[in-house]
Structure formats: C-alpha cells, structure tokens
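Input: a single structure, listed below in structure tokens.
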Amino acid sequence: MNFSLSKSQLMIQKSIRKFASETLEEWANYLDRESKPLPPEIVREMGRLNIWGIQAPAEFGGADLDTVSYCLVIEEISRVSAAVGLGVTVHNSVCLAPLLKFGTRDQIARYAPDLASGRKIGGFTVTEPQAGSDAASIQTTAVADGDHYILNGQKAFVTNGGVGDLFIVAASVDRKKKTRGIALFLVEKSMEGFEVGKIEDMMGMRGNMVSELFFNNVRVPKENVLGRVEDGFRISMQTLDIGRIGIAAQALGIGTAAYAAAATYAMERKQFDRPIGTFQAISFMLADMKTNLDAARLLIYRAADLKDRGLPFSTESAMCKVYASSTAMQVCMQALQIFGGYGYVKDLPVERFFRDAKITEIYEGTSEVMKIIIGNDIIKEFSRF
Amino acid sequence: MLSILVCIKQVPDTQKALFDPKTGVIDRNSADNIMNPDDLHAIEMALAVKDGYGAVITALTMGPSQAADVLGEAYALGVDRGALISDPRFAGSDSLVTSKILSRAIEKLGPFDIVMTGCEAIDGNTGHVGFQLSEFLHMPLLTQIHKFHVSSGQVIIERLYGHEYQKIRVDLPVLITVGKTANRVRTPRLADIRTCTDREITVLTMEDIGGDACEYGAAGSPTVVIETELFSHKRERELFTGTIDEKVDNLIHKLKKQNILRY
Chain A
3 MNFSLSKSQL
13 MIQKSIRKFA
23 SETLEEWANY
33 LDRESKPLPP
43 EIVREMGRLN
53 IWGIQAPAEF
63 GGADLDTVSY
73 CLVIEEISRV
83 SAAVGLGVTV
93 HNSVCLAPLL
103 KFGTRDQIAR
113 YAPDLASGRK
123 IGGFTVTEPQ
133 AGSDAASIQT
143 TAVADGDHYI
153 LNGQKAFVTN
163 GGVGDLFIVA
173 ASVDRKKKTR
183 GIALFLVEKS
193 MEGFEVGKIE
203 DMMGMRGNMV
213 SELFFNNVRV
223 PKENVLGRVE
233 DGFRISMQTL
243 DIGRIGIAAQ
253 ALGIGTAAYA
263 AAATYAMERK
273 QFDRPIGTFQ
283 AISFMLADMK
293 TNLDAARLLI
303 YRAADLKDRG
313 LPFSTESAMC
323 KVYASSTAMQ
333 VCMQALQIFG
343 GYGYVKDLPV
353 ERFFRDAKIT
363 EIYEGTSEVM
373 KIIIGNDIIK
383 EFSRF
Chain B
288 MLSILVCIKQ
298 VPDTQKALFD
308 PKTGVIDRNS
318 ADNIMNPDDL
328 HAIEMALAVK
338 DGYGAVITAL
348 TMGPSQAADV
358 LGEAYALGVD
368 RGALISDPRF
378 AGSDSLVTSK
388 ILSRAIEKLG
398 PFDIVMTGCE
408 AIDGNTGHVG
418 FQLSEFLHMP
428 LLTQIHKFHV
438 SSGQVIIERL
448 YGHEYQKIRV
458 DLPVLITVGK
468 TANRVRTPRL
478 ADIRTCTDRE
488 ITVLTMEDIG
498 GDACEYGAAG
508 SPTVVIETEL
518 FSHKRERELF
528 TGTIDEKVDN
538 LIHKLKKQNI
548 LRY
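Chains as they are written, first to last, in this note's numbering: chain A, 3 to 387; chain B, 288 to 550.
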C-alpha cells in the first residue's frame with residue numbers, strides 16, 4: 003500500500019494550483035456575485051491545458067490521466083472556485099466519460115474532440131421538477147418516428163445548462179417498462195425545439211449557469227441514442243458512480259480552502275494577547291477539520307484507484323461522496339465560526355465556501371441516496387436469506 | 288531551425304526553507320526542491336522563440352540524480368531535449384567551476400545559436416553563471432532581456448538597462464540572461480505533464496566533458512565561503528483609528544517621520 007502521489011501527480015497538483023491561483027482566483031468572487039460564467043478566453047485556455055478532457059484519450063485531444071490525477075485537478079480548481087470546478091467535473095465525468103465509454107465510434111468521432119478541447123461544453127440531465135432522487139419517475143418522453151425520436155418534456159437544475167452545447171438527456175421511451183424504458187439521447191443545443199429556460203438564482207455555485215431545459219418536439223436522430231435504448235437507466239447509474247468521485251473531490255477542495263483560510267487566520271488573529279489558534283477551543287476545531295479532510299481525501303483516492311484498476315467502486319464512490327460533502331459542510335461551518343464576524347461578511351471568501359459546500363450534499367445523489375447505496379451493499383453482504 | 292540551450296537549476300524553495308540560525312546554511316530537508324524561478328522565465332523565452340521562429344530547445348542542468356526532476360518540468364513546458372550533468376566529482380563546485388563544467392557540456396551537446404540562463408539562482412544569488420559562461424564559450428552576453436526577435440541570422444533584443452530601454456541588434460550565437468519580469472511562464476498541458484517523467488534524459492559525467500578531477504568540485508574552486516549570516520526584516524503592524532482623513536494624515540505623518548515620504 004502506497005499513500006504517496008506519483009511524481010507526475012504531484013506536478014499536476016502543483017501546476018493546476020498555480021493556474022487556479024494565477025488565473026481563476028481573480029474571477030472567483032465576480033462569478034459568484036454576478037452569477038456569470040467564465041469568460042471565453044479562460045475557457046479556451048483551460049482547453050489548451052486539457053482541463054476539458056482530463057481523462058479523454060490523447061487522440062481526441064485529452065490528457066488521458068488516471069482518476070486520482072483527475073481528482074487532484076478538480077480539488078485544486080474547486081479550492082479557488084467551486085463553481086468552475088463544478089462545470090469542469092460535470093463536463094468531464096458525466097458527459098464526456100459516458101460518451102467515450104458507451105458511445106458508438108461515430109458518436110465519439112463527432113463529439114469527443116470538441117468536448118475534450120472545450121470548444122463545446124457538455125452536460126448530463128436526468129432530474130425533472132417532479133423527479134429527483136426517484137430518477138425512474140421522469141416524465142420526459144421520446145417517441146420513435148422513422149429515423150428519429152421526438153423528445154418532449156422539461157429538465158431541472160441542469161449544471162452547465164446555460165452554457166452547454168451538448169447534453170446527455172434521459173427520456174422515457176416506454177413508461178410502462180419503468181427503468182428499462184429509459185433511454186439516453188445526445189441532444190445538441192442547436193436542435194430545433196431545444197430551449198434553455200431560466201438560469202437558477204442559487205445560494206451557491208453561482209458561477210455555474212444551472213438552468214431548466216425544455217424539449218418541444220425535438221427531433222433527435224436515432225444514431226444519437228447513447229448505448230442501447232433499454233440501458234439508459236443502467237448507464238445513468240454507472241455514470242453517476244463516476245460523477246460522484248468528482249463531486250467528492252470538489253467538496254474536498256472547498257473544505258480544504260476553508261480550512262487553510264481558517265488556520266491562517268487563527269494564527270494571525272489575536273484576542274486576549276495571543277493568537278486565537280493557540281486556544282484549545284480553536285485548535286481542537288482545526289484538528290477536527292484537518293483529520294476529517296484527510297479521511298475524505300483517502301476515501302476519494304481509494305474510490306478513484308478502484309475505478310482505475312477496473313474493480314467495483316460504486317459503494318466506495320458513494321462513501322467518499324457522502325463523507326467528503328458532509329466534511330466540507332462541517333469544515334466550512336467551523337471555519338466561519340473561527341472567522342467570527344469577518345466570516346459572515348462578503349469581503350472574505352469563507353461565506354462563499356459555506357454557501358458552495360451545501361449543494362455537495364444534495365446533487366449527484368443526495369447524502370440520503372448515498373446511504374441507500376451503501377446500506378443496500380451491507381444488506382447484500384450480511385443477508386443470510 | 289534555431290538551436291537553443293537553456294541552463295536550469297534545481298534549488299530549495301527558499302521562501303519555505305528553514306536556515307540553521309548558527310551557520311546560516313539552508314536546511315535542504317525543510318523545503319521542497321523547485322526549478323529556480325528565473326530559469327522558468329528563460330525557458331518561457333526560449334519557448335516563445337520556438338513558437339515564433341521554430342527552434343529545438345535543450346534544457347541542461349547539473350546536480351545529483353534528483354535534479355532530473357527539473358528536466359521533467361522543462362519537458363512538460365515544451366522543451367525538446369533534457370541533459371543532466373551528474374558526477375560526484377563535481378560536488379562542491381563554486382560558480383566559476385560550475386560555469387566551466389556547464390560550458391564544456393554545452394560544447395559537447397552543441398553547437399547552439401542561443402544559450403539562455405536565468406539572471407540568478409535563489410539559493411546562492413551570485414548571478415555569476417551567465418557572465419562566466421559567456422567568457423568560457425566566447426559568446427557575446429546580453430543581460431536582463433525582455434524581448435527577442437530573430438531576422439536573417441541576427442537577433443534584435445530588447446532589454447532594460449537602468450532607466451533605459453535598449454534595442455540591440457546582435458549576430459548569432461549569443462548568450463542571454465532572463466529575469467522574472469521578462470514574461471509570464473505558461474502553464475503546461477496536463478497531457479505533457481503525464482508524459483514528461485518518461486522522457487529520455489542524457490546524462491553527462493566527467494568522462495563525457497573531459498578535464499581532470501582536480502579542476503572540479505571543492506578542490507578546483509577558488510571561492511571560499513568564510514561566513515554566512517542571516518538577516519531578517521521585522522515587520523510591525525499598526526492599525527490607525529479615526530475617520531478616513533485622520534487615518535490618512537496619521538499615515539503621512541508616520542511615513543514622513545521615517546523619511547520614506549519626503550514632500
């Protein structure tokens with residue numbers, strides 16, 4: 003067992019940390035305050051750096067990195083701007099990754115190079131106003147019509163919705179078949195009848211253009227079905243297993259940023275003639291923060307490593323996601339407490355970390371759904387009947 | 288196509304490193320090793336020449352085997368060839384002997400149209416190597432370069448010289464030194480970082496560059512460090528209270544008193 007990062011993983015961590023602090027940091031507050039997406043020149047530069055194709059093969063313009071390296075990239079970006087980290091992780095892990103894994107040669111040739119270079123931004127959408135954790139109850143329909151399917155319905159809380167060019171959309175081809183009737187479609191924003199609804203005015207992650215999407219008789223060619231028609235739900239669940247590792251890395255990034263800010267402040271801020279960090283009440287808080295972040299980090303790297311070795315990682319992915327997201331929330335709360343009044347005002351980023359952290363317990367499967375996944379695994383393991 | 292060699296050095300990160308308070312010597316285990324910051328700007332200058340005019344870039348470093356890490360970083364940035372001079376007989380060389388070793392390695396690996404170095408290294412801060420190399424290599428030296436244009440066998444160089452901004456035309460080959468303000472170092476592509484540690488590195492020893500052991504290392508070095516002393520800046524923080532006008536008046540008064548603001 004080796005707990006050390008490799009030379010190239012350390013270089014990736016250092017390099018993305020530098021990029022994030024030199025390029026993204028100056029935008030992070032602006033994106034949050036104004037609820038604006040990254041300017042196109044930075045999206046392009048991120049494309050040059052392979053950030054939009056972290057694990058895509060080199061032949062499509064990607065960096066072909068392992069999943070631990072992928073987590074390092076997401077963590078470092080999210081330390082500076084969780085909203086940018088969100089856009090990157092969703093694009094990579096739940097749009098480009100399933101395209102590469104389940105797509106036909108033609109689909110990959112058509113879409114992967116543009117996605118891996120960031121010329122096109124991707125998203126993935128199952129959630130609807132009435133279908134969240136109960137993903138099988140989606141109302142969006144796809145009706146076969148010659149060489150096409152006709153999509154009708156509405157999607158909600160779509161990450162990258164306002165800026166995306168290509169979305170993997172779950173729709174029901176046969177409601178009676180429930181999960182076996184759900185198919186996935188590669189839908190381009192330029193297709194007639196595709197409409198971006200309102201951009202959500204959110205508590206955090208405000209730099210990501212999370213939106214509604216509407217499908218009004220959108221004609222999607224049958225060649226744009228991802229995987230087999232009846233496998234849409236299964237592919238979605240597998241895709242989310244991968245996505246959760248990225249969200250956990252994002253939560254880790256937010257928590258690490260809050261912890262580092264709080265520890266620095268605690269050693270600078272003096273009350274009663276000594277740095278507040280030297281009071282046991284504060285140093286115990288910092289000790290908990292550091293310990294829990296490290297535990298989250300190890301859970302994340304283990305899930306990533308299992309994935310890379312081709313072993314089952316669904317439970318481990320759920321475990322790292324539920325732990326990292328609750329740790330991020332807890333750490334941000336403690337960081338804000340350490341900053342006192344200064345943590346509550348918008349002059350410092352701690353309140354942004356706090357607002358950004360909360361959603362990591364909700365999206366890509368709520369913490370409760372993560373516990374269902376872990377619980378089901380335990381039931382399977384210990385059930386005698 | 289132009290042929291460029293960039294000298295780079297692995298140094299302890301002196302911003303994080305601890306110093307022995309008695310001897311003043313850096314505790315090399317107290318901080319990570321990094322590429323000398325000025326050298327990164329020299330690489331960036333070479334890459335800009337490569338982007339603009341086409342060039343093959345060789346990065347050269349000297350040190351123990353772990354110094355190869357900076358060659359990996361150079362590869363990730365876009366350098367084409369990496370060479371490491373590594374021989375225990377070179378340990379303890381001062382800047383003069385280091386320059387002699389580098390110049391012999393450059394002659395072995397060359398010829399080169401342009402040799403680049405950083406202005407100085409953060410561990411020794413002598414700034415000698417660029418000057419000494421130009422003597423050993425019989426190449427004209429231009430320091431503190433900001434811009435570099437190539438046209439028909441000549442280069443036009445822009446440099447800061449005191450309060451002047453000079454534009455100089457010079458024949459190749461030339462040796463230049465590059466400082467921190469010359470450019471902004473690019474971030475390497477992730478794909479290039481992934482492959483950089485697998486790239487081949489040419490290793491040179493004394494047998495490759497020639498000479499005798501007594502010329503090298505501490506024995507061959509005329510420089511003797513008699514004493515190293517630490518000095519420290521002490522910062523004091525003072526909070527001014529009152530209205531904005533009062534705070535500004537107070538600050539101006541304070542700065543004048545310390546002769547920082549004179550008018």
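In this text, a Cβ means the ideal position worked out from N, Cα and C, and glycines have one as well.
Neighbour list for residue i in chain A, Cβ cutoff strictly below 7 Å
{"i": "Pro475 (chain B)", "result": "Ser17"}
{"i": "Ala469 (chain B)", "result": "The contacting residues do not exist; Ala469 (chain B) stays about 16 Å from chain A at best."}
{"i": "Arg481 (chain B)", "result": "Ser10, Ala65, Asp66 and Leu67"}
{"i": "Thr484 (chain B)", "result": "Lys9 and Ser10"}
Between the CA atoms of residue j and residue i - distance to the nearest angstrom
{"i": "Thr25 (chain A)", "j": "Pro277 (chain A)", "result": "32 Å"}
{"i": "Ile56 (chain A)", "j": "Arg522 (chain B)", "result": "43 Å"}
{"i": "Tyr261 (chain A)", "j": "Ile14 (chain A)", "result": "22 Å"}
{"i": "Leu301 (chain A)", "j": "Glu318 (chain A)", "result": "7 Å"}
{"i": "Ser238 (chain A)", "j": "Arg35 (chain A)", "result": "33 Å"}
{"i": "Thr474 (chain B)", "j": "His150 (chain A)", "result": "44 Å"}
{"i": "Thr430 (chain B)", "j": "Glu61 (chain A)", "result": "42 Å"}
{"i": "Gly498 (chain B)", "j": "Thr301 (chain B)", "result": "33 Å"}
{"i": "Pro308 (chain B)", "j": "Ser519 (chain B)", "result": "11 Å"}
{"i": "Glu202 (chain A)", "j": "Gly120 (chain A)", "result": "23 Å"}
{"i": "Thr280 (chain A)", "j": "Met269 (chain A)", "result": "7 Å"}
{"i": "Ala172 (chain A)", "j": "Gly234 (chain A)", "result": "7 Å"}
{"i": "Pro59 (chain A)", "j": "Leu88 (chain A)", "result": "22 Å"}
{"i": "Ala30 (chain A)", "j": "Ser327 (chain A)", "result": "20 Å"}
{"i": "Glu78 (chain A)", "j": "Gly440 (chain B)", "result": "45 Å"}
{"i": "Thr362 (chain A)", "j": "Leu7 (chain A)", "result": "25 Å"}
{"i": "Lys382 (chain A)", "j": "Val70 (chain A)", "result": "28 Å"}
{"i": "Arg230 (chain A)", "j": "Gln240 (chain A)", "result": "14 Å"}
{"i": "Ala146 (chain A)", "j": "Val227 (chain A)", "result": "11 Å"}
{"i": "Gln109 (chain A)", "j": "Asn320 (chain B)", "result": "45 Å"}
{"i": "Met48 (chain A)", "j": "Arg446 (chain B)", "result": "32 Å"}
{"i": "Tyr303 (chain A)", "j": "Cys73 (chain A)", "result": "8 Å"}
{"i": "Met493 (chain B)", "j": "Arg486 (chain B)", "result": "23 Å"}
{"i": "Gly449 (chain B)", "j": "Met3 (chain A)", "result": "57 Å"}
{"i": "Ile443 (chain B)", "j": "Gln453 (chain B)", "result": "10 Å"}
Beta-carbon proximity of residue i to residue j, cut-off 8 Å
{"i": "Gly164 (chain A)", "j": "Ser213 (chain A)", "result": "yes"}
{"i": "Ala330 (chain A)", "j": "Gly257 (chain A)", "result": "yes"}
{"i": "Leu289 (chain B)", "j": "Asp400 (chain B)", "result": "yes"}
{"i": "Lys103 (chain A)", "j": "Thr129 (chain A)", "result": "no"}
{"i": "Val416 (chain B)", "j": "Ser373 (chain B)", "result": "no"}
{"i": "His394 (chain A)", "j": "Ile44 (chain A)", "result": "This structure cannot speak to residue 394 (chain A), because chain A is shown only from 3 to 387."}
{"i": "Met205 (chain A)", "j": "Arg357 (chain A)", "result": "yes"}
{"i": "Asn52 (chain A)", "j": "Leu477 (chain B)", "result": "yes"}
{"i": "Cys406 (chain B)", "j": "Gly341 (chain B)", "result": "no"}
{"i": "Ala263 (chain A)", "j": "Ala337 (chain A)", "result": "yes"}
{"i": "Lys323 (chain A)", "j": "Arg246 (chain A)", "result": "yes"}
{"i": "Thr106 (chain A)", "j": "Val160 (chain A)", "result": "no"}
{"i": "Ile496 (chain B)", "j": "Leu371 (chain B)", "result": "no"}
{"i": "Ser316 (chain A)", "j": "Ile375 (chain A)", "result": "yes"}
{"i": "Ile76 (chain A)", "j": "Ala251 (chain A)", "result": "yes"}
{"i": "Gly529 (chain B)", "j": "Gly379 (chain B)", "result": "no"}
Neighbouring residues, chain B, relative to residue i (Cβ below 7 Å)
{"i": "Phe21 (chain A)", "result": "Thr474"}
{"i": "Ser80 (chain A)", "result": "Within 7 Å Cβ-Cβ: nothing; Ser80 (chain A) doesn't reach chain B, min ~16 Å."}
{"i": "Ala60 (chain A)", "result": "Ala478"}
Within chain A, partners of residue i - CB distance below 8 Å
{"i": "Glu551 (chain B)", "result": "Any question about residue 551 (chain B) goes unanswered here, given that chain B covers just 288 to 550."}
{"i": "Ala363 (chain B)", "result": "Met13 and Ser17"}
Closer than 8 Å at the beta carbon, the chain B residues around residue i
{"i": "Asn52 (chain A)", "result": "Arg476, Leu477 and Ala478"}
9 Å Cβ cut-off: residues of chain B touching residue i
{"i": "Ile56 (chain A)", "result": "Leu477"}
Under 9 Å from the C-beta of residue i: neighbouring residues of chain A
{"i": "Ala329 (chain B)", "result": "In chain order: nothing, as chain A lies at least about 18 Å away."}
Can you give, in chain order, each stretch of the alpha helix (DSSP H) that sits fully within the segment 379-461 of chain B and has at least 4 residues? Whole alpha helix (DSSP H) segments, 4+ residues: 382-396 and 416-424.
Assess, as a yes-or-no matter, whether the segment 447-462 of chain B is touched by the segment 349-369 of chain B under the definition of 3 or more beta carbon pairs within less than 8 Å. Too few Cβ pairs lie closer than 8 Å, so no.
Should the segment 361-376 of chain A be regarded as contacting the segment 290-305 of chain A, the criterion being three or more beta carbon pairs within less than 8 Å? no
If contact is defined by three or more beta carbon pairs under 8 Å, each pair taking one atom from either stretch, is the segment 346-365 of chain A in contact with the segment 308-315 of chain A? no
Going residue by residue through the segment 452-512 of chain B, where are the continuous alpha helix (DSSP H) segments of at least 4 residues, counting only ones entirely within it? Runs of the alpha helix (DSSP H) inside the segment 452-512 of chain B: 477-483, 493-496 and 504-507.
Between the segment 360-370 of chain B and the segment 328-348 of chain B, do at least 3 Cβ pairs fall closer than 8 Å? These segments touch.
The segment 378-393 of chain B touching the segment 311-319 of chain B, judged by at least three CB pairs closer than 8 Å: no
Suppose only complete runs of 3+ residues qualify. What are the beta strand (DSSP E) ranges in the segment 183-222 of chain A, listed by chain order? 184-190 and 196-201
Restricting to runs no shorter than 3 residues, where is the beta strand (DSSP E) found entirely within the segment 48-124 of chain A? none
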